[in-house]
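So the structure is just underneath, and the comments pick up after that.
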């Protein structure tokens, strides 16, 4: 959480720049990118060769942004992400490297929430600006988290391995997040957003507890003591590219005012009749 502090400080800086296109309008943005989950493992009498392993995955988002001040916008967003995580055992030797792992059930997530965005923190040329945002949302696991067991290797049979049991706690959790983004303005109503996000679930959805473990210690002796616990928490970072539109309606064409023509008024018929009468 300490890594969010610099971003919070950036949000309250006073920018001196303005966007190349001036006024702000409601915006719609669609994007996608790469996500990577981060789960911590709590070990008791175990080497750090037991660990969680996460792979890069894909995710998508849709955002609606509304201006509230010249440099502030509120936003709502819906995000769908894939969060594959594995339990693994890694051992490094002089000439070999081995890895064995098995997938965890947390495979996907649907997240919806709101945010507060600070625009124009820094002007980076004519079309580039730096901005930041804070998010508050709620996330659901997809599919649902259920009670189940898992295993990799052959624990207890003279080989390296582990078995575990998953205890579900809840199906959703509040999530806080922070974002730093670069905005590229390439048209009056269109832009690109390159963002780095970090999200952290306040409560774990489940808890993984080992039931049996076997591994070789530094003396190459098989050990079966120790255990690990993994809180199954929605915690991930993502890099996204978004394409945005300003919802600026076309303005009505201005009324064209014509310069009045100056001319001689036609003669009054009454004056013409009087001129024809001779005294």
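Numbering (the numbering used here), first residue to last: 5 to 283. The beta carbon of each residue, even a glycine, is placed where N, CA and C say it ideally should be.
When DSSP builds the beta bridges, which residues end up paired with residue i?
| i | result |
| --- | --- |
| residue 210 | 172 and 236 |
| residue 216 | 167 |
| residue 58 | 89 |
| residue 139 | 119 and 181 |
Once the 5 residues before and after residue i are set aside, which same chain residues still bring their CB inside 8 Å of it?
| i | result |
| --- | --- |
| residue 144 | 113, 114, 115, 175 and 176 |
| residue 78 | 69, 70, 72, 118, 119, 120 and 121 |
Within its chain, find whatever has a CB closer than 6 Å to the CB of residue i; leave out the 5 residues flanking it on each side and keep chain order.
| i | result |
| --- | --- |
| residue 228 | 218 |
| residue 54 | 93 and 232 |
| residue 23 | Caution applies to residue 23, whose pLDDT of 38 falls short of 50 and renders its modelled position unreliable; the value that the coordinates give is listed next. Correct list: empty, nothing qualifies. |
| residue 286 | Residue 286 lies beyond the stretch modelled for the chain, which goes from 5 to 283, so this question has no answer here. |
Look at the Cβ atom of residue i, then the Cβ atom of residue j, and state whether they are nearer than 9 Å.
| i | j | result |
| --- | --- | --- |
| residue 136 | residue 90 | no |
| residue 34 | residue 66 | yes |
| residue 167 | residue 203 | no |
| residue 195 | residue 142 | no |
| residue 197 | residue 244 | yes |
| residue 186 | residue 132 | yes |
| residue 160 | residue 170 | no |
| residue 123 | residue 156 | no |
| residue 230 | residue 38 | no |
| residue 234 | residue 46 | yes |
| residue 207 | residue 178 | yes |
| residue 63 | residue 242 | yes |
Hey, out of the options, whose CA is closest to residue i's CA?
| i | options | result |
| --- | --- | --- |
| residue 298 | 155, 128 and 68 | No information on residue 298 is available, as it lies outside the stretch 5 to 283 that the chain covers here. |
| residue 61 | 40, 117, 158 and 170 | 40 |
| residue 205 | 80, 117, 30 and 32 | 117 |
| residue 58 | 44, 189, 173 and 50 | 44 |
| residue 211 | 51, 84, 52 and 150 | 150 |
| residue 148 | 134, 173 and 130 | 173 |
| residue 252 | 223, 221 and 192 | 192 |
| residue 31 | 72, 48, 64 and 52 | 72 |
Ordered along the chain, which non-local residues of its own chain (more than five positions away) have a Cβ less than 7 Å from that of residue i?
| i | result |
| --- | --- |
| residue 100 | Since pLDDT at residue 100 reaches only 41, below the 50 mark, its modelled position is unreliable, and no value is offered. |
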